[in-house]
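One point on numbering: in my numbering, the residue at position 37 of the sequence shown is 37, and numbering is uninterrupted. Where is the CB? At the ideal position from N, CA and C, for every residue including glycine. Note sheet for the following structure.
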Amino acid sequence: ADLKGVHVAQAGDGSVYVSSSQNAEFIFGTSTVSASDLTGAIIVKYDKDGNEQWTTRMSGAATITTMNAAEDGTLYVAGTFTDEVSLILNEAPAVMASEDVISAFVGKVSKDGGFTVVKTFTPETDATIAAATGDPWDIGVEGPLYNGWDPIYVTPTKIQVANGKVYVAARYTGDVPSIGWEGAYIDFGSYDDDISAGVFIR
Numbered sequence: 001a002d003l004k005g006v007h008v009a010q011a012g013d014g015s016v017y018v019s020s021s022q023n024a025e026f027i028f029g030t031s032t033v034s035a036s037d038l039t040g041a042i043i044v045k046y047d048k049d050g051n052e053q054w055t056t057r058m059s060g061a062a063t064i065t066t067m068n069a070a071e072d073g074t075l076y077v078a079g080t081f082t083d084e085v086s087l088i089l090n091e092a093p094a095v096m097a098s099e100d101v102i103s104a105f106v107g108k109v110s111k112d113g114g115f116t117v118v119k120t121f122t123p124e125t126d127a128t129i130a131a132a133t134g135d136p137w138d139i140g141v142e143g144p145l146y147n148g149w150d151p152i153y154v155t156p157t158k159i160q161v162a163n164g165k166v167y168v169a170a171r172y173t174g175d176v177p178s179i180g181w182e183g184a185y186i187d188f189g190s191y192d193d194d195i196s197a198g199v200f201i202r
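Written out as structure tokens, the structure is:
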């Protein structure tokens, strides 16, 4: 009833991958795919004839925002998450964590359906801006000049695979120090985050 993060990618052998949100148990092929209390993300694979192959879950508040398949069938996905999200990484349980912000992830999924690499990217409030104080309304009371009313975020918008490299475009607020991105801030008497965009390569 709440489908989001619906994307399709096709591998060189004709296999088709589809992502979606999931908030209820469902049948895929001969397996029952369970659901958690939160709307998580799933990926399913069909062969070139439309037969169900496998499904991979991200259990928790995760949304896939883009994905792309390499020629050899390896799938690359990117998206957003909050709180704690569980997945299977290299055949073992793993957890991604993000507190009070909307973080991004980039994952590599083998053609057999398992995550083999997952990288996360968490935005942070710029320390200098967050520490700025003053009197935005000229009433003689000093206070923080950074509003921070809305959660800061990193949202991947496009992932592309070429010549052994993965290119990811994203929109973001705040700073993203793990990839060297600085935020943009507008001073209206107190600071607000402005939306920025960038591309990074892995």
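{"Item": "Please go through the same chain and pick out, in chain order, the residues whose beta-carbon is closer than 6 angstroms to the beta-carbon of Ile186, but skip the five residues on each side of it.", "Value": "Asp192, Asp194"}
{"Item": "So Asp120 is in the beta strand (DSSP E); what residue range does that whole segment cover?", "Value": "According to the sequence as given, residue 120 is Thr; it is not Asp. Run containing Thr120: 115-121, per the beta strand (DSSP E) assignment."}
{"Item": "Under a Cβ-count criterion, where at least 16 other Cβ atoms within 10 Å of its own Cβ denotes burial, should Asp126 be classed as buried or exposed?", "Value": "buried"}
{"Item": "Need the endpoints of the alpha helix (DSSP H) that Ile129 sits in, please.", "Value": "127-131"}
{"Item": "I believe Asp220 touches Gly73 by the beta-carbon criterion, under 8 angstroms. Please report the beta-carbon distance rounded to the nearest angstrom.", "Value": "Since the first residue of the chain shown is 1 and the last is 202, residue 220 is not available in this structure."}
{"Item": "Identify the continuous beta strand (DSSP E) that holds Trp54 and give its terminal residues.", "Value": "52-58"}
{"Item": "What ranges does the beta strand (DSSP E) occupy inside the region 28-116, keeping only unbroken runs of at least 3 residues that lie completely in it?", "Value": "31-33, 40-46, 52-58, 62-69, 75-89, 92-109"}
{"Item": "With three or more beta-carbon pairs closer than 8 angstroms as the criterion, would you say the region 90-97 touches the region 26-39?", "Value": "no"}
{"Item": "Do you know whose CA, among Thr133, Ser196, Asn163, lies nearest Thr155's CA?", "Value": "Ser196"}
{"Item": "State the DSSP-derived secondary structure class of Pro177, mapped to helix, strand or coil.", "Value": "helix"}
{"Item": "Could you tell me the distance, in whole angstroms, from the CA atom of Tyr46 to the CA atom of Val109?", "Value": "14 angstroms"}
{"Item": "Check this for me: beta carbons of Pro177 and Ile152, under 8 angstroms apart or not?", "Value": "no"}
{"Item": "Between the region 139-149 and the region 38-57, do at least 3 Cβ pairs fall closer than 8 angstroms?", "Value": "no"}
{"Item": "Nearest-angstrom Cα distance between Gly79 and Phe105?", "Value": "6 angstroms"}
{"Item": "Hey, out of Ala70, Leu75, Met96, Val6, whose CA is closest to Met58's CA?", "Value": "Met96"}
{"Item": "Is Gly113 near Trp181, with beta carbons less than 8 angstroms apart?", "Value": "no"}
{"Item": "Alpha carbon to alpha carbon, what distance is there between Tyr167 and Val199?", "Value": "7 angstroms"}
{"Item": "Quick check on Ile186: does DSSP put it in helix, strand or coil?", "Value": "strand"}
{"Item": "Within the same chain, show all residues whose beta-carbon is closer than 8 angstroms to that of Lys119, passing over the 5 residues directly before and after it, in chain order.", "Value": "Phe105, Val106, Gly107, Arg202"}
{"Item": "Would you mind sorting Asp135 into buried or exposed? The rule is 16 or more other CB atoms within 10 Å of its CB.", "Value": "exposed"}
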